[in-house]
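Have a look at the structure below before the remarks.
Protein chains: 2
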Amino acid sequence: MDQIARTTKDLGNVLRKARKARNLTQADLATLAGIWQRTVSNIETSASGAKVDTIFDLLAALDLELHIVPRSKMTLGDLEDIF
Amino acid sequence: MDQIARTTKDLGNVLRKARKARNLTQADLATLAGIWQRTVSNIETSASGAKVDTIFDLLAALDLELHIVPRSKMTLGDLEDIF
DNA sequence: ACAAATAATGATCCAGAGAACATTTTGCCT
DNA sequence: AGGCAAAATGTTCTCTGGATCATTATTTGT
Chain A
1 MDQIARTTKD
11 LGNVLRKARK
21 ARNLTQADLA
31 TLAGIWQRTV
41 SNIETSASGA
51 KVDTIFDLLA
61 ALDLELHIVP
71 RSKMTLGDLE
81 DIF
Chain B
1 MDQIARTTKD
11 LGNVLRKARK
21 ARNLTQADLA
31 TLAGIWQRTV
41 SNIETSASGA
51 KVDTIFDLLA
61 ALDLELHIVP
71 RSKMTLGDLE
81 DIF
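So the sequence lines, in the order shown, correspond to chains A and B. UniProt numbering applies: residue 1 is where the first sequence begins, and numbers increase by one. UniProt numbering applies: residue 1 is where the second sequence begins, and numbers increase by one.
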């Protein structure tokens, strides 16, 4: 199941989840991504409207990529919500 | 087929493609997204490392959403490249 | 409950994005 | 070629994210 993000809050949550799934601390991830722990924290808590480049750095460090897809395309998660 | 973006350049291209597919001008889209034509142009041409919030505004206006998925998950496009 | 690891946050500086006007350039159509 | 619509780009201002230092709060394991 892939994660969907429509807001910065979503994005922060997804990133945190992905980081934890990899057993990385914010400091670890920051080092991997070439940014600061402070920034990782800010982004995960949606404390700032991050820059796209920073997000791409994080995604790359987490081995993730962005797929841009039409909204309203129903997902397995949606089905689970219904049934 | 959904679009993949790993860089701001990718993202700009995807957004432009989506906008054109909807027969919108940059000015139209800007209005829809509540931003400026100047900004749409900048983002489509990767002339600036945009802010995430701006991207979300654009995606919403284009009825698109972000899916965050593990990299290297093979896509149909990849297969087409191989065969 | 305690210690150790992890996350949150305070403060300052600087670079750069977006707002807000504009004009110029490019592309398309007939 | 000429004209119009669309995209690119110039400029100034303001605001804020990230870098960079730090310390405090919180979570987690035992």
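Even glycine gets a Cβ: it sits at the ideal position worked out from N, Cα and C.
Contacts that residue i makes with chain B (C-beta to C-beta distance below 7 angstroms)
i	result
A:Ala26	Looking at the sequence provided, one finds Gln at residue 26 of chain A rather than Ala. Correct list: empty, because the minimum Cβ distance to chain B is about 18 angstroms.
A:Leu64	Ile68, Val69, Pro70, Arg71
CB contact below 7 angstroms: residue i versus chain B
i	result
residue 96 of chain A	Residue 96 of chain A cannot be examined here, being either before or after the span of chain A that is shown, 1 to 83.
Cross-chain neighbours of residue i in chain A, by beta carbon under 9 angstroms
i	result
B:Asp2	His67, Ile68, Val69, Pro70, Lys73
Cβ of residue i within 7 angstroms of any chain A Cβ
i	result
B:Arg6	yes
B:Val40	no
Residues near residue i in its chain [Cβ-Cβ closer than 6 angstroms; skip 5 each side]
i	result
A:Ala30	Trp36, Gln37, Val40
B:Arg16	Glu44
B:Ala50	Ile43
8 angstroms CB neighbourhood of residue i in its chain, flanking five on each side removed
i	result
B:Gln26	Arg19, Gln37, Val40, Ser41, Glu44
B:Arg47	The residue you asked about is not Arg; residue 47 of chain B is Ala in the sequence shown. Cβ within range, chain order: Ser41.
Reduced DSSP category for residue i - H, G, I as helix; E, B as strand; rest coil
i	result
A:Leu24	coil
B:Ile4	strand
B:Ile35	coil
B:Leu66	strand
Chain B contact residues for residue i, given Cβ-Cβ distances below 9 angstroms
i	result
A:Leu11	Val52, Phe56, Leu66, Ile68
Cβ-based neighbour list, residue i, same chain, cut-off 7 angstroms, excluding 5 preceding and 5 following
i	result
A:Val52	none
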